[in-house]
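Below: one structure, written as structure tokens.
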Amino acid sequence: MSEQTAPSEADQTVRQTPEKERTPQSGRLRRLAAHVAAGPPWVVTVLAIALALLVGAVLIIVSDSEVTTAFGYFFARPSDALTASWTAVSTAYGALLKGAIFNPGNAGSATAALTPISETLTEATPLIFGGLAVGLAFRAGLFNIGGQGQLIIGAIATTWVGFTLDAPAVIALPAAVLAGIAGGALYGGLAGWLKAGPGAHEVIVTIMLNYVAYLLLGYLISSEVFRDPDNPQPVSKPVAEAARLPHLLGDSLRVNAGLLLAIAAVVFTWWLLNRSTLGFQLRTVGANPHAARTAGMSVGYGQIMAMVISGGLMGLVGVSQVLGTANAHNALTQQIDAGLGFTAITVALLGRASPLGTVAAALLFGALQAGGREMQAAAGVSIEIVTVIQALIVLFVAAPPLVRGLFRLRGDGGAGTGLLAKGWNG
Amino acid sequence: MTLELRGITKRFGSLVANDGIDLEVRPGEIHCLLGENGAGKSTLMNVLYGLYQPDAGQILMDGRPLTINGPRDAIAAGIGMVHQHFMLIPVFTVAENVMLGDERTGPPRWARSLGPLARLGWSGPVGWLDRRRARRDVAEISSRYGLQVDPDALVADLPVGVQQRVEIIKALIRDARVLILDEPTAVLTPQETEELFSVMRSLRASGRSIVFITHKLKEVKAVADRITVIRRGAVVGTAGPEASERELAGLMVGRDVRLTVDKAPPAVPEDAEPAFQVRDLTVLDESGQPVVDGVSFDIRAGEILGIAGVQGNGQTELTEAILGLRPAAGGSIRLDGRELTGRSPRQVLRAGVGYIPEDRGHDALVADSSVAENLVLDLFDRPPFGRRGSMDVRAVRANAAHRVEEFDIRTSSIDAPVGTLSGGNQQKVVVAREMSRPLRLLVASQPTRGVDVGAMEFIHRRIVAERDQGRPVLIVSTELDEIFALADRIAVMYRGKIMAIVPPETSREDIGCLMAGTSPDAAGPPEGAADSQKDAAAKDGDADE
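Going line by line, the protein sequences match chains A and B.
Residues in the first sequence are numbered consecutively from 1, following full-length UniProt numbering.
Residues in the second sequence are numbered consecutively from 1, following full-length UniProt numbering.
Take a look at the structure:
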């Protein structure tokens, strides 16, 4: 979608040429040629990832004491320094791959062979929900920075149902999941209503609501209703066994039914945006609210619905945090959000707000997270490097002119930044 | 000093905004640049001020060629400009706004008596602003030319007329010898206009020249020493202030061959019931001033009423109020006896109103969405396109294929973003969408703005076809040619009021006079207007169920 949304320079001139010269065929060929030469967004994304890994490599070299020692006598024996650099980088990135995808040294049992993939998918699951949530709001012209708050409210709701409801799994699990969705949706809808009604900017409102949710969480996990009396830490009672998301591939692999929910959410969001009347309305409101209003749509309704659905998807992040295998207690803690509401923004940006792009971005970030742990354990490289690489990817994706300049690609305006700017100004 | 423009040509793509324009401004004269909206006046002045680079031609000052690459060069050459939309910062004071871009620095008062401290520069990348001097300069200029303004007032608190004075002071403080005023009276009350004129005269007395851009004939007569008339990007004549308003109006709107549309006379009897009625409609702007001021008119089924007028006289607000996009402060709008006042845009559209907004890119199309999607922007949730919340993509595409064929929309594909189409084809998308619903009324505002001749003819034919099928049609256009080509009756709007409703045989000069706010001597529009008012009054009773 985004390849087409940014009209290239060639299209600008096409717009002004007289009708007669513009046969459909020449237009299509010209657009194709311009498209390839312009360096379309996916090319920029791939290059951004490569650049980020390159900068990450430099950081790995700089932070490795053996390598820096070798650089100390670089002019005496440059090969030492270069070999040491290569070794450091290849070991680190090798470990990253092993931790994220497949470790040939551990292929003895099926469980061991599948562990890396299982970890990647487990890490990616909440990012898929969050990325979809932020991306959906983006498409409706809204910048949902309130993921943190929405996922916390979702997590609170799901936890409460999870430890209160004493029922078999067929009832307990769906009820807890729905409670989480409802909690996030209500909290997101509140921000949407404040935008559509009184006109409070959603960025400001959602940031403030994040604090409200965070402090409410702190209050609740120390309160009589939620607090686990057996635990010295302020942690809530764990959710009932029946309400937890079951493991998909045996108990020793963390991948759980949250992944199936995520796949369902992707299909739902894709359908919503591309095949539903509501999605059509959301996209129109996001792309041109004036035209939407003139065509008889209600801009306020679109904004509220966008925030309700976005908040509901964020609620699912909370659900997967509490009911899934992310934390061992299956309970609320003060750190239950794990910063996912913010990571989700970068995932949505990288995925260019499309459902499938979001899945790809979430899998990449999940792989980096899972691989980063292995990198730390096996190669001794700090997992913070992974955070730096993630940040750099987003930075390069958000600044297409920088990437195009480095690789001498002809620019076409850059859909990534436009997306962000639209969210803020919307 | 004498400023001369020679053969200035400026093109935007295929549009020639200025076509070999010659203009001479002598010292100490008020030179009036007269022309309709879109005639190319502002483009010419933006070239002179360095905001645009001309494609051909020269600017000479006292016979020497002048290179102007930007406003900085223009200011250095002694050219000052007061834009139609002020370039002031509302939260700054008058003095701060005046020194903006030319900040003076100097030692603060407490340092002045301390010998060595006073000798410090107090300038550099972070200088100490010399506000006192800025205030003094403002006070001096304002007393010299009778520009009353308080240097310490916040610009946001000042009325528009005073803000304009601040703009003029800003130009004078940089010692502008030639002052360009772009439509300065558009935002002023009559009293403020008078005050502006006396300021202009005192500036003239001090030997400065003024280029006064306007389309209002009375003002030209009141203040100009010489007049240059521009039409469609070219100079069509020069005149002195002794020329009559009629002559000037004729020059301004031109006597071109009228665009012809094959059109039979309306097939409705004169005394037919009006299908669409607007009564005493009043619309207020953000500041509570009426922008549509007690407007009344009727349109019979099978008749086109054209609303002529210079842009910004309330036409936009009138159409938006009819569509429910803007609240009406008073009056009523009725279609086939049903009240439309106070309805939402959706209800108005569903009542059978087709609407072509004046700015298609802003109000009618989603540039990034496909042609197919733009064609169902209004009916996306109705069968066959939408059923129980789900959209039938096949129906949307089939509809698009059909409309592209029927309306001859030239696009590479129905999936192409509508923003990649030419202006004419974009407009055809809007027309196709609005005309594919069963209509009871068509409202078309600037239906062929920025559209090539081929598409223009096509759209005109479709509009006439709607009329011939017995629908009332309201056309709003600032192009008189378009009004003459389409309208069965012509209403002229000026300052939110309908000056008169006249038959299409009325001369261009008379309509030009009405558009400029004066009644032509010979023509009888006032009677016509009175008649329609009387009709309206008589029919009001019947219409009230």
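Backbone N, C-alpha and C define an ideal beta-carbon position, used for all residues, glycine too.
DSSP has residue i in a bridge; who is on the other side?
i, result
"Ile21/B", "Ile8/B"
"Val16/B", "Arg11/B"
"Arg279/B", "Ser332/B"
"Met61/B", "Leu3/B and Arg64/B"
"Pro274/B", "Arg300/B"
"Ala239/B", "Ile227/B"
"Asn31/B", "It is worth fixing the name first, because residue 31/B is His in this sequence and not Asn. Val211/B and Arg226/B, per the DSSP bridge assignment."
"Gly386/B", "Met391/B"
"Leu441/B", "Val353/B"
"Thr105/B", "Leu129/B"
Quick one: does residue i have its CB under 8 Å from some CB of chain B?
i, result
"Ser310/A", "no"
"Thr164/A", "no"
"Phe268/A", "no"
"Arg293/A", "yes"
"Leu278/A", "yes"
"Ala264/A", "no"
"Thr284/A", "yes"
"Arg275/A", "yes"
"Glu21/A", "Below a pLDDT of 50, predicted positions are generally treated as unreliable, and Glu21/A, at 42, falls in that range; no measurement from the model is reported."
"Ala357/A", "It is worth fixing the name first, because residue 357/A is Gly in this sequence and not Ala. Closer than 8 Å: no."
"Ala287/A", "yes"
"Gly197/A", "no"
"Arg28/A", "yes"
Buried or exposed for residue i, going by 16 or more other Cβ atoms inside 10 Å?
i, result
"Asp64/A", "buried"
"Arg300/B", "buried"
"Ala455/B", "buried"
"His362/B", "exposed"
"Leu3/B", "buried"
"Gly115/B", "exposed"
"Pro383/B", "exposed"
"Arg263/A", "Here the sequence assigns Ile to residue 263/A, which means Arg is not the residue at that position. Its Cβ having fewer than 16 others within 10 Å, Ile263/A is exposed."
"Ser287/B", "exposed"
"Gly414/A", "For Gly414/A, the predicted model reports a pLDDT of 41, less than 50, meaning its position is unreliable and no value from the coordinates is stated."
Could you tell me whether the Cβ of residue i comes closer than 8 Å to any Cβ of chain A?
i, result
"Tyr355/B", "yes"
"Pro346/B", "Here the sequence assigns Arg to residue 346/B, which means Pro is not the residue at that position. Taking Cβ atoms only, chain A reaches closer than 8 Å to Arg346/B, which makes this a yes."
"residue 559/B", "Since the first and last residues shown for chain B are 1 and 545, residue 559/B lies out of range."
"residue 569/B", "Residue 569/B falls outside the range modelled here, since chain B spans only 1 to 545, and no answer is possible."
"Val393/B", "yes"
"Asp381/B", "yes"
"Leu325/B", "yes"
"Val257/B", "Confidence is the limiting factor: at Val257/B the pLDDT is only 41, short of 50, which leaves the residue's position unreliable and the question unanswerable from this model."
"Ala351/B", "no"
"Val473/B", "no"
"Val366/B", "yes"
"Asp19/B", "no"
"Ser390/B", "yes"
"residue 546/B", "Any property of residue 546/B remains undetermined from this structure, which presents chain B solely from 1 to 545."
"Thr9/B", "no"
"Ser412/B", "yes"
"Ala523/B", "Only weak support is given to the placement of Ala523/B: the predicted model assigns it a pLDDT of 43, under 50, and the value that follows is read from those uncertain coordinates. No - not a single Cβ of chain A is within 8 Å of the one on Ala523/B."
"Gly386/B", "yes"
"residue 546/B", "Lying outside 1 to 545, the shown extent of chain B, residue 546/B is not represented and no answer is given."
Which whole-angstrom value describes the C-beta separation of residue i and residue j, a residue pair presumed to lie in contact below a C-beta threshold of 8 Å?
i, j, result
"Leu88/B", "Gln163/B", "6 Å"
"Asp55/B", "Met1/B", "About 26 Å separates the two Cβ atoms, so there is no contact after all."
"Gly354/B", "Leu439/B", "5 Å"
"Gly314/B", "Ala487/B", "At roughly 18 Å, the Cβ-Cβ gap does not stay under 8 Å, so Gly314/B and Ala487/B are not in contact."
"Val430/B", "Ile356/B", "6 Å"
"Leu194/A", "Val203/A", "Contact flag wrong, Cβ pair sits at about 11 Å."
"Ile389/A", "Leu53/A", "6 Å"
"Glu317/B", "Arg326/B", "6 Å"
Quick check: does the Cβ of residue i come within less than 7 Å of any heavy atom belonging to the ligand NAP?
i, result
"Leu47/A", "Within the structure as shown, the ligand NAP is missing, as the structure has no ligands at all."
**Request:** For the stretch 150 to 197 of chain B, list the beta strand (DSSP E) runs that are entirely contained and at least 3 residues long, ordered along the chain.
**Result:** Every unbroken stretch of the beta strand (DSSP E) spanning 3 or more residues and falling wholly within the stretch 150 to 197 of chain B is given here in chain order: 178 to 182.
**Asked** What are the start and end residues of each continuous alpha helix (DSSP H) run of 4 or more residues lying completely inside the stretch 296 to 355 of chain B, in chain order?
**Response** Correct list: 315 to 322 and 345 to 350.
**Message:** List, from N- to C-terminal side, the alpha helix (DSSP H) runs of 4 residues or more that fit wholly inside the stretch 443 to 490 of chain B.
**Reply:** If we require 4 residues or more, the alpha helix (DSSP H) runs fully inside the stretch 443 to 490 of chain B come out as 453 to 468 and 480 to 486.
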